[in-house]
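Undergrad: Chains as they are written, first to last, in the working numbering: chain C, 335 to 577; chain S, 1169 to 1586; chain E, 2 to 492; chain D, 491 to 631. In this text, a Cβ means the ideal position worked out from N, Cα and C, and glycines have one as well. Since we're looking at a predicted model, the values are computed, not measured.
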Amino acid sequence: MTIINAADYDNYELLQMLEKMPQPEIQISHVNGQRYIACGWKNNKRLILQGTVGNNLGAFAEGPQIVVFGNGQEGVANTMNDGQIIVHGRVGDIAGYGMRGGKLFIKENAGYRLGIHMKAYQEKKPVIVVGGSAGAFAGEYMAGGTIIILGMNSNQALIGSYCGTGMYGGAIYLRGEYPSRNLAPNLKKEVLGADGLAEIKDYLAEYVSFFGDTMENITSAPFTRLSVEKKRPFAHLYTGFVS
Amino acid sequence: MRYVIIGGCIAAMGAVEGIRSIDKKGSITILDGEQRGVYSRPLISYYLAQPDRFKNLAYRSAEYLDHHGVDVMKGWAVQIDRSRREVVLHDGQIISYDRLLIATGAAPFIPDISGIKAPWVKTFYTIADVEALDSILTKGHNALIIGSGLIGMKAAESLRQRGLNVSVIEKERHILPRILSPESANMVNCLLNEAGIKTQCGEELTAVNENQANFASGLCLPVDILVLAMGTKPHIELAMDAGLKVNQGIMVDEYLQTSDENIYAAGDVIETRNIITGTSEIMALLPLAHREGYLAGVNMAGSKSCAYEGGIFMNSLNILGISICSAGSLPRAETEFLVWQEDHKYLQIFLDGDFLCKYIAVNLPEVTGPLTNTIADKIRIEKRLWQHFMTSPTLSAFPDVYWQKLRKEANYDYNKCS
Amino acid sequence: MAHNIMMPAFKVQRDEERCIRCGVCVRQCANNVHNLDEDGWMWVQDDKCVACHRCAVLCPTRALNIIEYPLDFRGNQHWTPASIREIYAQAQSGGVLLSGMGNPRTYKNYFDHLLINASQVTNPSIDPLREPMEMTTYLGNKNHHSCGEKPQLKLDIPLMFSAMSFGSVSINVHKSLAVAAKSLGTFWNTGEGGLHPDLLDFGRGAIVQVASGRFGVHPDYLDNSAAVEIKIGQGAKPGIGGHLPGEKVSQDVSLARMIPAWSDAISPAPHHDIYSIEDLAQLIETLKVATRFEKPIAVKVAAVHNITAIASGVVRAGADILVIDGFRGGTGAAPMRIRDNVGIPVEMALAQVDSRLRDEGIRSQTSLVISGGIRNSADVMKAIALGADAVYIATAALIALGCHMCQMCFTGLCNWGIATTRPDLTKRLNPHLGSERAINLLAAWKHEMMEMMGGMGINAIESLRGNRLMLRGIGLSKEELGLLGVKGVGE
Amino acid sequence: MKVVAWTEYCLGCGLCEIYCAAQHDGYNGNVLKIFKKGRPMHRSRLLKAEQGTWLNTCMHCTHAPCINGCISGAIKRDPNGIVYVDYERCVGCYSCVMLCPHGHVRPWSERHQVLKCDLCRDTGLPSCVANCPNGALQLVD
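In structure tokens, the structure reads:
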């Protein structure tokens, strides 16, 4: 493994160097807010980042495997097409915006607008697992994929306001108690027993393997699955006529 | 190169075109035994029906022959001298050749029974036959046609059009036995009767007496004109005398070459391969005669390069507005078939596994082109597609596989078009 | 709902003397206006007619004519027939009124109040048939002092095809324009609906869009492009997002957008990762990093009231190309109220933005491209003289492909094969003919522009850019002249 | 020379058939007149199959089975390679109909003759090509 000290370079030098490095596995220490790491990457390189990463980590990427020992800022996995990002800490706003594939695991809390406009396509099914809680607008305009919010490592309410507003596809799984006033209307709510978790069991197992909790502990609380019955919520909003 | 063609009919014309596609200069001589010029035999029935309208029976015009530099000699060949490469004509003239094509065709079969030489008993094969018939026919008389094959039917039609009372007598169980199935024959029979042609099957001519024909069953019919249409036999005598290999017809290889390397043969006089049954037989059909002649011509003029794959039986005839098309053969006696029928239209197709082997279409000529070619090209089309087609047999309903194949063969690039 | 009280908008007139019952109109109308029954009786449903003219154009005997429905309301300057009909429609359905194409209202058109100069005596005019005439221009950041060469787009003609997403328009529109752009030495724009796999070869000639829905955006899409355009807003519907109804999301559209077929495709109003100029700067930067600084990044905004401040911010955020879309810009579907009432004319926005960027000394950091209702080569000339580097056209291109401006794009039943994804309608636009027509149009415009430039004594398009002395205003107030930065006629 | 039809651009509008009929029998493309006063007999037919619609037209084959199988020599090839019917000679046996692989040659039942494309050889560009609204028909060599 190659180890780099981020403090030795300025932001763009670091990005350019990473771009050119042939090594499959790179560790970067002393990351301190450097932006755009792994942006638009189309490879399976493995990055281990120590410190706090800057905005848009892994945006537009397809394939990189990224582990952050620290926190993420805004736009983690923004419009990501494929790959895996594991954050051993918390992330800022718009994590997983427009994400179409790959997986994002966050140990602690996520900021506002988590997984906004996520969508699935054929074999591409994006997944976000948040160990803590999520801010307002989680899953807004969600069109596909899976968001799981566990509330394990957080003292806050599980979700902020307007969760699932305008959602028209995919599913959000909430573990345990949540403020139901924060849910958008028209969402279909199903409370699941342990047997109802088959769909997400693998993701939970991955979470456990990354962050070291136990499956028993996670499944000790009931899960609520949020989805939509009407796949076309806006079909009757408009009217055309021969003007 | 000097080419001589014995016979001046369809195969000869094919040969001229075939030779000229390769050799523009060599001399071509056609020996026209009938001394009537190059004409098309199937047209004689139209000539008989409307002598004024169809005076000109030429298959290709005189200008056409001129243009191709063809010398038509009147006279029939009596002997082929292979060693000297010469043909001897009836008047003793000697024509030498480098390549010879025997396209002598066939002649009507005349049974050896009493009274057959009566002046009102005629055959229906040449212009001379038609002229002979024309000279004796009178409106309202009774005409009897012996044999309900293609020739018999066309003779019946033209005599009917001339206002005679026409009856067709067939020895087999149904009319047009080589073309129709019992089911379709039944329908055609009704249509023919409606159109004023009487038919009688299962009767064999035994004797011809004065104004009367006798049959094996004891039937006895009054008759003013009797037309013999009992089939043809190939003119193989010339080839036999010359020592060429002959079976029922002249034997040729796939290049239409006889057992003499300088002599080819084509048309009704040869035996060819039926590509459905795989057997070698006489297939006296106009389109095949042309193709055989053409390929023989090509092979005579150049190196032996164009092989003849054989042919299929196919016939299209119109009798008093009834259209009958048929192609193919049955490889076995028991062959699966599908039928569609509506009003006066009828279609029967015979399937050999996923291959079409024969069809019979009555008053439904529109779809027959693709059907014929599906048989001839042995295109595999699943049975269920045929079943679908037979629910409403139109070109649009024709199995898409066929159209795709045609389009693939055309294979044009849009960008390269004008 | 009870009987609809709205009368038809159009009347189909059939000349029975000329009609031969051939049925071409029946087969060509996707709205089922024409019907031929088994008795040979032709009948017409006027209320379904949208006046697309398909039937009239294809009728082999010219037996058809379409007129506005002659039944008129009582004359009223305030309650116009249109305003009454709109109320009927909403009272019937309860929906937001939807419409297609650009703003059809009679707002002042500043292009029509600008006149172009020509040389006489003191400065000889140039004959473009004889003299070389440079029509090439480059788009991108020209400020090379700070950090080296910046990526540029080279245009052989200062015209590009504007963004129209696959889904809102048919694949054959994309094919036509992609081929035409390649042949003309310019660029086409994918719009926000991704790039269809059939058109991968034309990606390098395409400006690819990244909009709030992020449809079809992935690394290959970004790599296989000429430039990337962040779509913030659109002139036809500033401030709101897009909504491609599920009916138009066919298998092919699904492939390009990478969403399941027949599901709605919703673009939110804002990019939720852009709530400020700083956020925009970050998305621009992200895209530059993702494309390894090899491609210019464009930002497209709608012309709105404080466009100058917005433009300044966008340029400072690092946009290499700033696209301003005026309120006459087209759309596949927009709420009618927004299309007709929101935004400002692009002429005014352009003049103001160009001046402002010059005043702030940042004009060289960006290229200005404008769009929104450009009808002809004179509009292009005026736009360039007002300060544009190049011009986007879309509606004009669609008209070249056969659009008859019926403004019913949102139904997906375009009889001309343009605003539809139905395969049987899509095939009505043969891209071989479409590209030829688009090429013809732009070739003709190019020649006209060279003629006008020659008349002005200018032999390079870049010499015209921002050369407002070549314009005079007519019928404009002093204030308008001042805002446009042009003198009045006679001055 | 032949007309090639592209299903991918064929709209099935049927204008080809209409203009084909009007171009023949002395109507010189006058659609109105042939439909109002005459007997419109189009040569080529619009077919509709699984793969879409297309004009089923003559390929003017190099070894044209219709020419070779014609019993009266009525089907001829002109110096430009166009295969046409000499109506002086056609007797309506339909051998050509039976032989045409494209199913293009069709009966003209009321005249007991056959109809086939002659590429509008008397008037220049084939009428179907000239009037196809979508370029789905092209004349190729």
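Give me the residue from Thr81/E, Phe216/E, Gln29/E with the minimum Cα distance to methionine 476/C.
TA: Comparing Cα-Cα distances from methionine 476/C to each of Thr81/E, Phe216/E, Gln29/E, the minimum goes to Phe216/E.
Undergrad: Below 8 Å on the Cβ atoms is my contact criterion, and I expect leucine 223/E with leucine 281/E to pass it. Report the Cβ-Cβ distance as a whole number of Å.
TA: Actually they do not touch by this definition, with Cβ atoms about 17 Å apart.
Undergrad: Can you check which of these residues, Met501/C, Arg509/C, Ala555/C, is closest to proline 567/C by C-alpha distance?
TA: For the residues Met501/C, Arg509/C, Ala555/C, the minimum Cα distance to proline 567/C belongs to Met501/C.
Undergrad: With distances taken from CA atoms, which of Ala1296/S, Ile1528/S, Leu1332/S is nearest leucine 1305/S?
TA: The residue with the shortest Cα to Cα distance from leucine 1305/S is Leu1332/S.
Undergrad: Does DSSP put isoleucine 506/C in a helix, a strand or coil?
TA: Reduced to three states, the DSSP call for isoleucine 506/C is strand.
Undergrad: Measure the C-alpha to C-alpha separation of cysteine 407/E and isoleucine 208/E and round it to an integer number of angstroms.
TA: Straight-line Cα distance between these residues: approximately 28 Å.
Undergrad: Can you tell me whether tyrosine 89/E is helix, strand or coil according to DSSP?
TA: Correct three-state label for tyrosine 89/E: helix.
Undergrad: Does the distance from the C-beta atom of serine 467/C to that of alanine 491/C stay below 8 Å?
TA: Taking 8 Å as the Cβ cut-off, serine 467/C and alanine 491/C qualify as a contacting pair.
Undergrad: So which residues on chain E does glycine 432/C lean against when the C-beta distance must stay under 7 Å?
TA: Simply Arg215.
Undergrad: Suppose only complete runs of 4+ residues qualify. What are the alpha helix (DSSP H) ranges in the segment 380 to 409 of chain E, listed by chain order?
TA: As far as the segment 380 to 409 of chain E is concerned, its whole alpha helix (DSSP H) runs of at least 4 residues are 396 to 402.
Undergrad: Less than 8 Å between CB atoms is the rule here; does glutamate 1534/S satisfy it with respect to chain D?
TA: Yes, glutamate 1534/S lies at the interface with chain D (some Cβ there is under 8 Å from its Cβ).
Undergrad: At a CB-CB cut-off below 8 Å, which residues of chain D make contact with glycine 234/E?
TA: In chain order: nothing, as chain D lies at least about 36 Å away.
Undergrad: To which residues does DSSP link tyrosine 1171/S through a beta bridge?
TA: Answer by DSSP bridge pairing, in chain order: Ile1196/S, Arg1267/S.
Undergrad: Just verifying my parser: in three-state terms, what is the DSSP assignment at glycine 455/E?
TA: Here glycine 455/E sits in helix by DSSP.
Undergrad: Checking contacts by CB at 8 Å: is asparagine 1361/S closer than that to chain D?
TA: Not closer than 8 Å to any Cβ of chain D, the Cβ of asparagine 1361/S fails to qualify, so no.
Undergrad: Tell me the start and end of each unbroken beta strand (DSSP E) in the segment 1246 to 1291 of chain S that is at least 3 residues and wholly inside, in chain order.
TA: Those beta strand (DSSP E) runs which fall completely within the segment 1246 to 1291 of chain S and span 3+ residues are 1254 to 1257, 1262 to 1264, 1267 to 1270, 1274 to 1276, 1289 to 1291.
Undergrad: At what residues does the alpha helix (DSSP H) containing glutamine 513/D begin and finish?
TA: 505 to 513 is the extent of the alpha helix (DSSP H) around glutamine 513/D.
Undergrad: Ignore the nearest five residues each way along the sequence and tell me which others in proline 61/E's own chain have a CB closer than 8 Å to its CB.
TA: So the list reads Ile21, Cys23, Val25, once near-sequence residues are dropped.
Undergrad: Given the structure, does glycine 103/E come close to the ligand ZN, in the sense that its CB is under 7 Å from one of the ligand's heavy atoms?
TA: Questions concerning the ligand ZN fall outside what the structure shown contains, since it holds no ligand whatsoever.
Undergrad: Would the segment 428 to 447 of chain C count as touching the segment 536 to 545 of chain C if we require 3 or more Cβ pairs under 8 Å?
TA: Segments in contact, yes.
Undergrad: Quick one: complete beta strand (DSSP E) runs, 3+ long, within the segment 356 to 393 of chain C?
TA: Within the segment 356 to 393 of chain C, the complete beta strand (DSSP E) runs of at least 3 residues are 359 to 366, 380 to 386.
Undergrad: Output needed for histidine 145/E: all residues of its chain with C-beta closer than 8 Å, excluding positions within five of it in sequence on either side, in chain order.
TA: The residues are Lys151.
Undergrad: What would DSSP say about histidine 1556/S, mapped onto helix, strand or coil?
TA: Helix at histidine 1556/S.
Undergrad: Which residues bound the beta strand (DSSP E) around methionine 486/C?
TA: Methionine 486/C -> no beta strand (DSSP E), and no H or E assigned at all.
Undergrad: Residues of chain E with a CB under 9 Å from the CB of asparagine 624/D: which are they?
TA: Chain E residues near asparagine 624/D: Gly418, Lys428, Arg429, Leu430, Asn431, Leu434.
Undergrad: I'd like to know if leucine 545/D contacts chain E, where contact means its C-beta is closer than 8 Å to some C-beta of that chain.
TA: So, not an interface residue.
Undergrad: For asparagine 339/C, which residues does DSSP report across the bridge?
TA: Per DSSP, Ser363/C.
Undergrad: Anything in chain C within Cβ reach of valine 370/E, meaning under 9 Å, just list it in chain order.
TA: What valine 370/E touches in chain C: nothing, since even the nearest Cβ is about 24 Å away.
Undergrad: Please name the residue, chosen from Ala10/E, Val34/E, Met43/E, Asn190/E, that lies closest to aspartate 16/E on a Cα-to-Cα basis.
TA: The option with the nearest alpha carbon to aspartate 16/E is Met43/E.
Undergrad: For chain E, find out if any of its Cβ atoms is closer than 8 Å to the Cβ of phenylalanine 394/C; answer yes or no.
TA: Chain E contact via Cβ: present.
Undergrad: Give the interface partners of histidine 364/C over in chain E, defined as CB-CB distance under 9 Å, in chain order.
TA: What histidine 364/C touches in chain E: nothing, since even the nearest Cβ is about 20 Å away.
Undergrad: Could you list the residues in the segment 557 to 576 of chain C with a C-beta less than 9 Å from some C-beta on chain E, going in chain order?
TA: For the segment 557 to 576 of chain C, which is checked against every Cβ of chain E, the residues closer than 9 Å are Lys565, Arg566, Pro567, Phe568, Ala569, His570, Leu571, Tyr572, Thr573, Gly574, Phe575, Val576.
Undergrad: Buried or exposed for glutamate 1577/S, going by 16 or more other Cβ atoms inside 10 Å?
TA: Flag for glutamate 1577/S reads exposed.
Undergrad: Check this for me: beta carbons of valine 463/C and tyrosine 512/C, under 8 Å apart or not?
TA: No, these two residues do not count as a Cβ contact at 8 Å.
Undergrad: Hey, how far is the Cα of aspartate 1239/S from the Cα of cysteine 1493/S?
TA: Cα to Cα, aspartate 1239/S sits roughly 36 Å from cysteine 1493/S.
Undergrad: Report the three-state DSSP secondary structure of valine 218/E (helix, strand or coil).
TA: Of the three classes helix, strand and coil, the one that applies to valine 218/E here is coil, per DSSP.
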